[in-house]
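Chemist: So for the sequence shown, this note's numbering puts the first residue at 55; every next one is plus one.
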Amino acid sequence: MHKLQIADLSDLQPIELIQIHSLDWMLYQVSISSDNAQKLLYDGDYPCRFHNLLQIKELFETMSVIRYQLIRDNSAYDEMIGQPEALFSDAIAVDLFWKQIESTQH
Numbered sequence: 055m056h057k058l059q060i061a062d063l064s065d066l067q068p069i070e071l072i073q074i075h076s077l078d079w080m081l082y083q084v085s086i087s088s089d090n091a092q093k094l095l096y097d098g099d100y101p102c103r104f105h106n107l108l109q110i111k112e113l114f115e116t117m118s119v120i121r122y123q124l125i126r127d128n129s130a131y132d133e134m135i136g137q138p139e140a141l142f143s144d145a146i147a148v149d150l151f152w153k154q155i156e157s158t159q160h
């Protein structure tokens, strides 16, 4: 997956899809789908990590985003108890319907 620096977000507007990856309890990373490529959001040399969805929502609330999606990847339960990897995927993807803040000039 390609890297996208947080400072370069404004160059991508409108953003086609923001995928929020739930890595663990209260730990998220963000990938951006744009120009038929998926890019992981970075701050310098490290992937951005967020501790709640509100942080992510606030980061993007003034940007033009077409779609948000929350992704929970396969559970590590089978691996934790020493079972072979499951033959099916238990990953889920849920669309988030966050409203955009309209920019107004006074």
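Glycine residues also receive a C-beta, built at the ideal position from the N, C-alpha and C atoms.
Starting from the Cα of A91, find the closest Cα among M117, Q137, E70, L81 and give me that residue.
Modeler: Numbered from 1 along the sequence shown, position 37 holds the residue referred to as residue 91. Cα-wise, what sits closest to A91 is E70.
Chemist: Express the C-alpha separation of E133 and V84 in angstroms, rounding to a whole number.
Modeler: Start at 1 with the first residue of the sequence shown, and residue 84 comes out as number 30. Start at 1 with the first residue of the sequence shown, and residue 133 comes out as number 79. About 25 Å.
Chemist: Quick check on this structure: which residue in S88, S118, C102 has the alpha carbon closest to the alpha carbon of Q59?
Modeler: On the sequence shown, residue 59 is found 5 positions in, with the first residue counted as 1. Checked all of S88, S118, C102; the closest Cα to Q59 is C102.
Chemist: Nearest to I146 by CA position, among I86, H75, E139, L108, is which residue?
Modeler: To locate residue 146, count along the sequence shown from 1; it is residue 92. Among I86, H75, E139, L108, the Cα nearest to that of I146 is on H75.
Chemist: Verify the CB distance criterion: does D127 have a CB-CB separation below 8 Å to chain B?
Modeler: In summary, chain B is missing from the structure at hand, where a single protein chain is found.
Chemist: Which of the three DSSP states, helix, strand or coil, is assigned to A145?
Modeler: Translated into positions along the sequence shown, residue 145 becomes position 91. It is coil, neither helix nor strand.
Chemist: Relative to the C-alpha of M80, which residue among L150, N106, E139 is closest?
Modeler: Locating residue 80 in the sequence shown gives position 26, counting from the first residue. Of L150, N106, E139, the residue nearest in Cα terms is N106.
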